[in-house]
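Going by UniProt numbering, the final residue of the sequence shown carries number 725, and the count climbs one at a time with no gaps.
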Amino acid sequence: MQQGTLMRKVKSKSWKKQRYFKLQEDCMTIWYQSKRTGKTESAFSISDVETVREGHQSEVLQSVAEEFPPERCFTIVFYGRRGNLDLIAGSAEEAQCWVEGLRQLIEPRSFPLTFALVSRTWIRDWFQKADKNKDGRMNFKEVQRLLKMMNVDMNEDHALRLFQDADKSESGTLEGEEFVLFYKALTQREEVLSLFQEFSEDGKKLTLLELVDFLREEQLEDEGTEELAMELIDKYEPSETARARHVLSADGFLMYLCSLEGSIFNPQHRALWQDMSQPLCHYFISSSHNTYLIEDQIRGHSSIEGYIRALKRGCRCLEVDCWDGPNGEPMVYHGHTFTSKIPFREVVSTLGKYAFKVRHPSPVLKGAGHAGLQQGRIPWRRWVAQGVSLSPTPQELKHKILLKGKKIGRLEDTLDGPGDEVPDVSDDDNGAEEERRRAKVKGMQHGSALQKDKETLAQALSDCVIYCKNVPFRGFQEAHSHSRPSEISSLSEAKARKLIRDEGNEFVRHNAWQLTRIYPSGMRTDSSNYSPQEMWNVGCQIVALNFQTAGMEMDLCDGLFSQNGCCGYVLKPAFMRDKESLFNPSDPSSWESPGPITLTIQIISGQQLPKVANSKEGAIIDPLVRVEIYGVPADQAHQETKYIENNGFNPRWDETLQFQLHVPELALIRFVVEDYDKTSRNDFVGQFTLAFANIKPGYRHIHLLSKDGTSIPPSSLFVHIRITE
Numbered sequence: 001m002q003q004g005t006l007m008r009k010v011k012s013k014s015w016k017k018q019r020y021f022k023l024q025e026d027c028m029t030i031w032y033q034s035k036r037t038g039k040t041e042s043a044f045s046i047s048d049v050e051t052v053r054e055g056h057q058s059e060v061l062q063s064v065a066e067e068f069p070p071e072r073c074f075t076i077v078f079y080g081r082r083g084n085l086d087l088i089a090g091s092a093e094e095a096q097c098w099v100e101g102l103r104q105l106i107e108p109r110s111f112p113l114t115f116a117l118v119s120r121t122w123i124r125d126w127f128q129k130a131d132k133n134k135d136g137r138m139n140f141k142e143v144q145r146l147l148k149m150m151n152v153d154m155n156e157d158h159a160l161r162l163f164q165d166a167d168k169s170e171s172g173t174l175e176g177e178e179f180v181l182f183y184k185a186l187t188q189r190e191e192v193l194s195l196f197q198e199f200s201e202d203g204k205k206l207t208l209l210e211l212v213d214f215l216r217e218e219q220l221e222d223e224g225t226e227e228l229a230m231e232l233i234d235k236y237e238p239s240e241t242a243r244a245r246h247v248l249s250a251d252g253f254l255m256y257l258c259s260l261e262g263s264i265f266n267p268q269h270r271a272l273w274q275d276m277s278q279p280l281c282h283y284f285i286s287s288s289h290n291t292y293l294i295e296d297q298i299r300g301h302s303s304i305e306g307y308i309r310a311l312k313r314g315c316r317c318l319e320v321d322c323w324d325g326p327n328g329e330p331m332v333y334h335g336h337t338f339t340s341k342i343p344f345r346e347v348v349s350t351l352g353k354y355a356f357k358v359r360h361p362s363p364v365l366k367g368a369g370h371a372g373l374q375q376g377r378i379p380w381r382r383w384v385a386q387g388v389s390l391s392p393t394p395q396e397l398k399h400k401i402l403l404k405g406k407k408i409g410r411l412e413d414t415l416d417g418p419g420d421e422v423p424d425v426s427d428d429d430n431g432a433e434e435e436r437r438r439a440k441v442k443g444m445q446h447g448s449a450l451q452k453d454k455e456t457l458a459q460a461l462s463d464c465v466i467y468c469k470n471v472p473f474r475g476f477q478e479a480h481s482h483s484r485p486s487e488i489s490s491l492s493e494a495k496a497r498k499l500i501r502d503e504g505n506e507f508v509r510h511n512a513w514q515l516t517r518i519y520p521s522g523m524r525t526d527s528s529n530y531s532p533q534e535m536w537n538v539g540c541q542i543v544a545l546n547f548q549t550a551g552m553e554m555d556l557c558d559g560l561f562s563q564n565g566c567c568g569y570v571l572k573p574a575f576m577r578d579k580e581s582l583f584n585p586s587d588p589s590s591w592e593s594p595g596p597i598t599l600t601i602q603i604i605s606g607q608q609l610p611k612v613a614n615s616k617e618g619a620i621i622d623p624l625v626r627v628e629i630y631g632v633p634a635d636q637a638h639q640e641t642k643y644i645e646n647n648g649f650n651p652r653w654d655e656t657l658q659f660q661l662h663v664p665e666l667a668l669i670r671f672v673v674e675d676y677d678k679t680s681r682n683d684f685v686g687q688f689t690l691a692f693a694n695i696k697p698g699y700r701h702i703h704l705l706s707k708d709g710t711s712i713p714p715s716s717l718f719v720h721i722r723i724t725e
């Protein structure tokens, strides 16, 4: 890759500044500086980069498309909510050089290699931050400063002893490998070493049989344990000699525990592991509300980035609010508000590129819009699902888009031929607006050619709505008598809560055969979210959330849908797929479980926890861990450890928390790390959420995520999990 390349950084059509971009010698950091002042503006790590897009694949670059060809343009996309970096190279060759180079640096590697790479990067980053005079060496004063930066409040005598042990050259400073030695001494995992020695006869290695014993007794691996032990040694043992002897060293043991196989999340459930051949109503479906918005609901910015981010997060139900625009081109925005607008064609193009870039190309559901008849043409007919059956499955609908909206006639008419049923009036507003529009249309002169064109187009639009015909909800009895599985009702969160409270079992039965969509209250103008758990407890499939807003609600959403290949579909428990189910989440007498199970969690330690954002220089966190259970009302609970004073680097809790779960099939477990504050609200440090069904018992690491749901390596918790009936 070229270094010191002069490129244009673009923020808008009128804001294009020339900057020098350079890849550092470590091949892990890129900085850029102003051409005019020579001052370094910013730097970022390769580990922060999620992907690189070529050409005009952002709204900013699309706005300068006439000025700069796509071959010279590319976009660097970061994890989380950090804004994209849009760049224009001096030539197509330069652009290609950067695109290919960046892709090679960020391409996925195996987890243990990534873990080791991240650790080395982390060491180097800290060294550079603490080396105040930039001489490539670190004296003891700089080491003390480093410890504060790393969330460590260490006794000065102990720190000096570690420093002197690592100073092999006796120069009074640490450089290169000496600093690595110091770091390794600092990160010695006594709790892991103690566990290792418990199963190792000589305290230096685990033989194949000793590793098998550990896997069976502690990790509860009961099938193919010997083969698994061999695989782990081959994969994680760094010593070639030890691998040849089929033994695992303490370093290899730690590598295994920090790997995907040592994670609390069952690695088999990360792949597509559920039956995908059941009707759509038998699945929870990852769903977003007003997907195009990346800010608030009134004046927020509309962007195709909202669709890209949601789809990459596994979202399978999107909203496209389409309204009449200038020059006959429909626009997408939040109607009757001051949100910005994006052309409908850009949304369609984005869906075409990103809708099925997942491990299982499960169907995408899209909310229909409000564009008038002349502008409401569908340019994506090739993706729209055609008639398969009355109750299609995700497997049958792969690579297809289902339109949710109003429909003339019945599904049977679309499958078998045109029908003449009276058009249905339905939407979140129960069709009032549509009724007024239809009355106006009926008042026109029926003989005009214009009216015929509109009727033809209305039928064409209607024919695209195959399996998700909007119908107003008028009660469960009415739905049971007159509705069809191909129809869907939308309910506000308040309406859904009332039904859950008054008719919980009827709601469960209804959702066993028909789709229900829940959407946020109109009062949530700040794009806040409601808890999706109470809606999932009665089997609601499409629980729409504001994906742009971080918090517990989105943590639950990410936690539920991180399984099953992140395809956005999770099969509901069997008792929620039965039309005659007796289950009511608020009535324990309706539960068929033989009794509660006990979940026992020992919180052992934490590793390299991040500092709180915007904290004072030198501040060190006082971490505590809270475990939260989300599920049926009887299972809702939370417990927390004591806080550890002034240690975010390697805190030890060794505390045991215990929970009773009556309906584990619906339970989600959220681990939250906070910085304790006795005078104000605790500060968020990190979290990890997963469904109970995906927990692996035994000694496990929990790799923490940020508030945005992105990874924050190498921060983790070390726990011991037991599940008993």
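Every residue gets a Cβ at the ideal spot worked out from N, C-alpha and C, and that includes glycine.
#1: Distance check for D463 and G417, CA to CA, integer angstroms please.
#2: Beta-carbon of V347 versus every beta-carbon of chain C: anything under 8 Å?
#3: With DSSP as the reference, identify every bridge partner of A43, one or two as the case may be.
#4: Roughly how many angstroms separate the alpha carbons of R299 and K579, rounded to a whole number?
#5: For I233, which of helix, strand or coil comes out of DSSP?
#6: Looking at the structure shown, is P588 part of a helix, part of a strand, or coil, going by DSSP?
#7: So, with DSSP's three-state summary, where would you put E221?
#8: Any idea which residues DSSP pairs S490 with across the strands?
#9: For K11, which residues from the same chain have a beta carbon less than 6 Å from its beta carbon, with the 5 sequence-adjacent residues on both sides left out?
#10: When you compare the stretch 679-698 with the stretch 261-272, are there three or more beta-carbon pairs, one atom per stretch, that lie closer than 8 Å?
#11: Look at the alpha carbon of L724 and the alpha carbon of I597, and state the distance between them as a whole number of angstroms.
#12: Within this structure, are the beta carbons of L609 and V685 separated by less than 8 Å?
#13: Going by DSSP in three states, H720 sits in which element: helix, strand or coil?
#14: Considering only DSSP beta bridges, list what Q686 is partnered with.
#15: As an exercise, report each continuous alpha helix (DSSP H) stretch of at least 4 residues that is fully enclosed by the stretch 231-313, in chain order.
#16: Are there 16 or more other CB atoms within 10 angstroms of the CB of W653, so buried, or fewer, so exposed?
#17: Between the stretch 528-548 and the stretch 499-510, do three or more beta carbon pairs fall short of 8 Å?
#18: Leaving out the 5 sequence neighbours to the left and right, which residues in its chain are closer than 6 Å to K16 when beta-carbon positions are compared?
#19: Going by beta-carbon coordinates alone, are S586 and P633 separated by less than 8 Å?
#20: To the nearest angstrom, how far is the alpha carbon of V348 from that of Q477?
#21: Hey, S521 and A496 are a contact pair by Cβ (cut 8 Å); roughly how many whole angstroms apart?
#22: Just the Cα atoms here: how many angstroms apart are Q607 and L228?
#23: Could you check the C-alpha separation between E54 and P361 for me, to the nearest Å?
#24: Counting C-beta neighbours from all protein chains within 10 Å, is the total for F115 16 or more, i.e. buried, or is it exposed?
#25: Rounded to whole angstroms, how far is the Cβ of H638 from the Cβ of I629, which I believe are closer than 8 Å?
#26: Would you kindly work out how many angstroms separate the C-alpha atoms of A310 and F74, rounded to a whole number?
#27: Assuming L257 contacts H662 under a Cβ cut-off of 8 Å, what Cβ separation, rounded to an integer in Å, is found between them?
#28: Confirm, please, whether the CB-CB distance from I604 to F718 is below 8 Å.
#29: If you draw a straight line from the alpha carbon of L6 to that of G90, how long is it in whole angstroms?
#30: Given a cut-off of 8 Å, decide if S286 and C315 are closer than it, judged by their beta-carbon atoms.
#31: To the nearest angstrom, report how far apart N133 and D558 are at their CA atoms.
Straight from the coordinates:
#1: With a pLDDT of 45 at G417, under the threshold of 50, the predicted position of this residue should be treated as unreliable, though the coordinate-derived value follows. C-alpha separation (whole angstroms): 10 Å.
#2: Absent here is chain C; the protein component of the structure consists of one chain.
#3: Answer is W31.
#4: Rounded to the nearest angstrom, the two C-alpha atoms are 43 Å apart.
#5: Correct three-state label for I233: helix.
#6: DSSP, read as helix, strand or coil, puts P588 in helix.
#7: DSSP places E221 in coil when its eight states are reduced to three.
#8: Answer is R517, bridged to S490.
#9: Counting only Cβ-Cβ distances below 6 Å, and skipping sequence neighbours, we find nothing.
#10: Flag = yes, the stretch 679-698 and the stretch 261-272 touch.
#11: With the sequence shown as reference, residue 724 is identified as Thr, and Leu is not the correct amino acid for it. Near 6 Å, if we compare the C-alpha coordinates of I597 and T724.
#12: Yes.
#13: Strand.
#14: Reading off the sequence shown, one finds Gly at residue 686, where the question assumed Gln. BP columns for G686 point to V673.
#15: For secondary structure counted as the alpha helix (DSSP H) over 4 or more consecutive residues, the stretch 231-313 holds these complete runs in sequence order: 240-244, 250-257, 304-312.
#16: By the neighbour-count definition (other C-beta atoms within 10 Å, threshold 16), W653 is a buried residue.
#17: With the cut-off at 8 Å, the stretch 528-548 and the stretch 499-510 touch.
#18: Excluding sequence neighbours, K16 sits near R8, V10.
#19: Result yes, Cβ atoms of S586 and P633 sit closer than 8 Å.
#20: Taking the straight line joining both Cα atoms gives about 38 Å.
#21: With 8 Å as the limit, S521 and A496 do not qualify as a contact, their Cβ atoms being about 11 Å apart.
#22: A straight line joining the alpha-carbon of Q607 with that of L228 spans about 27 Å.
#23: When only Cα atoms are considered, E54 and P361 end up about 23 Å apart.
#24: The pLDDT assigned to F115 is 46, lower than 50, so where the model puts this residue is not dependable; a value taken from the coordinates is nonetheless given after this. By the neighbour-count rule (16 or more Cβ atoms within 10 Å), F115 is buried.
#25: The C-beta distance from H638 to I629 rounds to 7 Å, short enough to meet the 8 Å contact threshold.
#26: When rounded, the separation of the alpha-carbon atoms in A310 and F74 is 21 Å.
#27: At roughly 32 Å, the Cβ-Cβ gap does not stay under 8 Å, so L257 and H662 are not in contact.
#28: In this structure, I604 lies closer than 8 Å to F718 by Cβ.
#29: So the alpha carbons of these two residues sit roughly 7 Å apart.
#30: It is a contact, given that the beta carbons lie within the stated cut-off.
#31: Each residue's CA atom was taken as its position, placing N133 and D558 some 43 Å apart.
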